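Single-structure report; data block below.
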Amino acid sequence: MADYLYPHDDDRDSNVIEVLIGRLRKKLDPDGTLSPIETLRNRGYRFTLCDNQTE
């Protein structure tokens, strides 16, 4: 994701993506019950809505 968003940026250790993911999580799930975005340590993020969570 960082390569796509910032292809010429040398400072890839900043927390810009973490902040943006946090904002996206709050917008998608303001009450914190669904957890639609899962963090994969050292890999990235993925959407994780299961059928039983959407009922």
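In the UniProt record's numbering, the protein residues as written are 1 to 55.
Ideal Cβ placement from N, Cα and C applies to all residues, glycine included.
The structure displayed is predicted, hence computed values, not measured ones.
- In this structure, I37 and L24 form a Cβ contact; the two beta carbons are roughly 7 Å apart against a cut-off of 8 Å.
- By DSSP's assignment, L49 forms no beta bridge with any residue.
- In the three-state reduction of the DSSP assignment, L40 falls in the strand class, which pools E and B.
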